[in-house]
Amino acid sequence: MANKQTSLGDRFAEMTVVALTVIALIAGWFYKSSIENASLAFNAEGISAQAPKGWLQVEPTGNEILHTVDIKSTGFGATYVIQKIPTTQEASSSEVASLLSLSHAQNLLAFRILDQREVTVYGRDAYEISYVFIESNPDLTHDQLPSVVRGTDYIFMNSEHAIVATFQSDEKNYDLDMGRFLTFLKSLSF
Amino acid sequence: MNDAKSIHERKHIWRDEILLIVGLLFFVGVVYAVDNSLQPVFTPTTLLLTGVFLALVPAAIWLVFFYLQDQAEPEPKGFVLGVFGLGGLLAAAVGIPMVDNLFRASHWLRNDTMTTIIGGILVVGFTQEFLKYAAVRYSIYNSDEFDEPTDGVIYATAAGLGYATVLNIQFVVANGGVDLGTGIIRIAVVALAQAAFSGITGYFLGRAKFESEQIWWMPLGITLAATFNGVFNWLQGIVTRPTLSLSGATSNTWMGLALAAVVALGTTGMILALVRRNLKSIQAGK
């Protein structure tokens, strides 16, 4: 049987299969994004946001009004926390940042600040602290080495309160998870 | 068709496929029995090496059967091994990083039934089936050795087993070795499934080269293979779901193996019927 490469299907198969695969993967990407970005409205104490759908809602403690964790993440689950911390009218965001850093240093293993600076987040002035720590949740069921976790706090001053939006994620997933957190941050209003 | 030589059906291809299924089931049974009766103790290194060795077994079984029976008009050994290697390389270099790191499939794919099926087809199915298709289409396909429609099934199966081997090695290495009993079942399931889906692509590839098929022919083949791939992964998730009771959880990994064997047998039978019908129509038209 001689090689025969004259059929229409054969000549165009290369292009059509590549095009179909690219279309399927783009559709898959949009589908993935729609699943990952699915959200639920959250509203408490005058603060509202679009919280991720399907994440574990942890009972808030202390000043927390939202604490949600992605249990499907590998390693340390991506975590969003919103805190409403009472302050005085004169308090500055850098002072709140110092208090937060002190609290993290007391509660988180091998806590290190990577960077801190004033930033503008979707038109609002904020103070950003980037840090790293070792997963210190004493969960005895984890049969793996503790994860290195990266975190970022955004501190927004709001009259007599500081609103702190925290994002923590496994160091390996941090950059990929940050996009989803920025969508959450954009939806935050107070 | 402009045939310079007689068209025939390489009957041993189907025997090879069935022997792969039977041979793998037998091998799984032997490993499982050895594991349960001897309960061997491994160091981390020997556990890892044993897992990697087991991951190579399905492809070895198929290749041995293939070469023992491919006597009448043998395919060049180097080409079959080369396509097998290419399938594996594409899995390691493109397929696994794409599905695991870019799409992070494990992160969202098992959300619900709809997501498992649609995501499984669009992301996992198309990625894997396209790469196995590419391993054949951009290597042996234009060679003179690809000289019969059934060669598509042979080379695509080789690419599929290469892909499966790397998937299994990656699974073993990522887990630092595997429990022999459940590990060998997982390895067999992946090999049977990947070989079966590749067979579909191979059938379409063979006909695309030697017959005047329409422009939608090859895309249809890839879509069918990707759909089988996605639906199989969903079904496998259902049948292997652990059964919970007051006495604890019962693993259903054997059900996954049974499903993979049924799918592989069914797919082989379907391709065999299609190839035979196709050859008859070619001979009738000569």
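As they're listed, the protein sequences go chains A and R.
Each residue of the first sequence is one higher than the one before, starting from 2 at the first, in our numbering.
Each residue of the second sequence is one higher than the one before, starting from 1032 at the first, in our numbering.
Note that beta-carbon positions come from the ideal geometry of N, C-alpha and C, so glycine has one too.
This one's a predicted model, so the numbers in the text were calculated from it and none came from an experiment.
Within 8 angstroms, strictly: CB atoms of residue i and residue j
i	j	result
ILE1148(R)	TRP1265(R)	yes
VAL70(A)	GLY78(A)	yes
LEU1153(R)	ALA28(A)	yes
ARG1250(R)	THR17(A)	Per the sequence presented here, residue 1250(R) reads as Pro, with Arg not at that position. Closer than 8 angstroms, so yes.
ILE1218(R)	ASN1199(R)	yes
SER1(A)	TYR128(A)	A query on residue 1(A) cannot be resolved here, the shown segment of chain A reaching from 2 to 191 and no further.
LEU1236(R)	TYR1164(R)	yes
TRP1139(R)	LYS33(A)	yes
GLU161(A)	PRO87(A)	yes
ALA1226(R)	LEU1192(R)	yes
GLY1208(R)	LEU1079(R)	yes
ALA1190(R)	GLY1118(R)	yes
Contacts of residue i in chain R (Cβ-Cβ under 8 angstroms)
i	result
VAL165(A)	Per Cβ cutoff of 8 angstroms: no residues; VAL165(A) is ~26 angstroms from chain R at best.
Contacts of residue i in chain A (Cβ-Cβ under 9 angstroms)
i	result
ILE1168(R)	For the record, residue 1168(R) in the displayed sequence is Arg; it is not Ile. The contacting residues are ALA14, GLU15, VAL18.
LEU1198(R)	The contacting residues do not exist; LEU1198(R) stays about 18 angstroms from chain A at best.
PHE1134(R)	LEU26, GLY29, TRP30, LYS33
GLY1150(R)	GLY29, TYR32, LYS33, ILE36
PRO1128(R)	Residues of chain A passing the Cβ test: none, with the nearest at roughly 13 angstroms.
Contact list for residue i against chain A, beta-carbon separation under 7 angstroms
i	result
ASN1142(R)	ILE36, GLY55
TYR1234(R)	What TYR1234(R) touches in chain A: nothing, since even the nearest Cβ is about 14 angstroms away.
THR1258(R)	Neighbours of THR1258(R) on chain A: none; closest Cβ ~11 angstroms, over 7 angstroms.
TYR1164(R)	VAL18
PRO1250(R)	THR17, VAL18, LEU21
Residue i in three-state terms, based on DSSP
i	result
THR88(A)	coil
ASP1047(R)	helix
MET2(A)	Unreliable positioning characterises MET2(A) in this predicted model, as indicated by a pLDDT of 44, which lies under 50. The coordinate reading is nonetheless provided below. DSSP places MET2(A) in coil when its eight states are reduced to three.
ALA39(A)	coil
ILE164(A)	strand
SER1068(R)	helix
THR62(A)	coil
LEU186(A)	helix
THR1274(R)	strand
TYR123(A)	coil
ILE47(A)	Reading off the sequence, residue 47(A) comes out as Gly, not Ile. Residue state, collapsed to three classes: coil.
PHE157(A)	strand
MET1032(R)	Residue confidence for MET1032(R) is low, a pLDDT of 41 falling below 50, so the modelled location carries little weight; the figure read from the coordinates is stated next. Correct three-state label for MET1032(R): coil.
ALA1292(R)	helix
ILE1052(R)	helix
GLU15(A)	helix
PRO53(A)	strand
ILE114(A)	strand
VAL97(A)	helix
LEU26(A)	helix
GLY78(A)	coil
PHE1057(R)	helix
GLY180(A)	helix
TYR32(A)	helix
THR1074(R)	coil
ILE130(A)	strand
LEU67(A)	strand
GLY152(A)	strand
SER1(A)	The displayed coordinates of chain A run from 2 to 191. Any statement about residue 1(A) would go beyond what the structure contains.
ILE135(A)	strand
TYR175(A)	helix
ILE83(A)	strand
Residues that residue i contacts on chain R, provided the C-beta gap is smaller than 7 angstroms
i	result
LEU62(A)	Here the sequence assigns Thr to residue 62(A), which means Leu is not the residue at that position. Correct list: empty, because the minimum Cβ distance to chain R is about 27 angstroms.
THR89(A)	The contacting residues do not exist; THR89(A) stays about 42 angstroms from chain R at best.
Interface partners of residue i on chain A, CB under 8 angstroms
i	result
TRP1139(R)	LYS33, ILE36, GLU37, LYS73
PRO1107(R)	Those do not exist, as PRO1107(R) stays about 16 angstroms from chain A at its closest Cβ, beyond 8 angstroms.
PHE1228(R)	Ordered by position in chain A, no residue passes the 8 angstroms Cβ test against PHE1228(R), which lies about 15 angstroms from the chain.
MET1286(R)	In chain order: nothing, as chain A lies at least about 24 angstroms away.
PRO1075(R)	Here the premise fails: no neighbours, minimum Cβ distance about 14 angstroms.
PHE1202(R)	Chain A residues near PHE1202(R): none, gap ~14 angstroms exceeds 8 angstroms.
LEU1153(R)	ALA25, LEU26, ALA28, GLY29, TYR32
TYR999(R)	Examination of residue 999(R) is not possible in this model, given that chain R is present from 1032 through 1317 alone.
PHE1057(R)	Those within 8 angstroms of PHE1057(R) in chain A number zero; the least Cβ separation is about 33 angstroms.
Proximal residues of chain R, C-beta to C-beta of residue i below 9 angstroms
i	result
THR69(A)	Result: empty, since nearest Cβ-Cβ is about 16 angstroms, beyond 9 angstroms.
The stretch 1175 to 1185 of chain R contacting the stretch 1124 to 1137 of chain R, beta-carbon criterion three pairs below 8 angstroms:
no
Identify every run of the alpha helix (DSSP H) within the stretch 1147 to 1205 of chain R, keeping only runs that are complete inside it and at least 4 residues long; order them along the chain.
1157 to 1168, 1182 to 1205
Which runs of the alpha helix (DSSP H) spanning at least 4 residues fall entirely within the stretch 1210 to 1251 of chain R, listed in chain order?
1211 to 1241
So does the stretch 1266 to 1276 of chain R actually touch the stretch 41 to 49 of chain A, counting three or more Cβ pairs closer than 8 angstroms?
no
Could you check whether the stretch 1042 to 1053 of chain R touches the stretch 1151 to 1165 of chain R, counting it as contact only if at least three pairs of C-beta atoms, one from each stretch, sit closer than 8 angstroms?
no
So does the stretch 147 to 156 of chain A actually touch the stretch 94 to 112 of chain A, counting three or more Cβ pairs closer than 8 angstroms?
yes
At least three beta-carbon pairs within less than 8 angstroms, the stretch 1053 to 1065 of chain R to the stretch 176 to 184 of chain A:
no
Any chance the stretch 1236 to 1243 of chain R sits against the stretch 1105 to 1125 of chain R, with 3 or more Cβ pairs inside 8 angstroms?
no
Extract the residue ranges of the alpha helix (DSSP H) inside the stretch 1076 to 1140 of chain R, only unbroken runs of 4 or more that lie entirely within it.
1108 to 1121, 1136 to 1139
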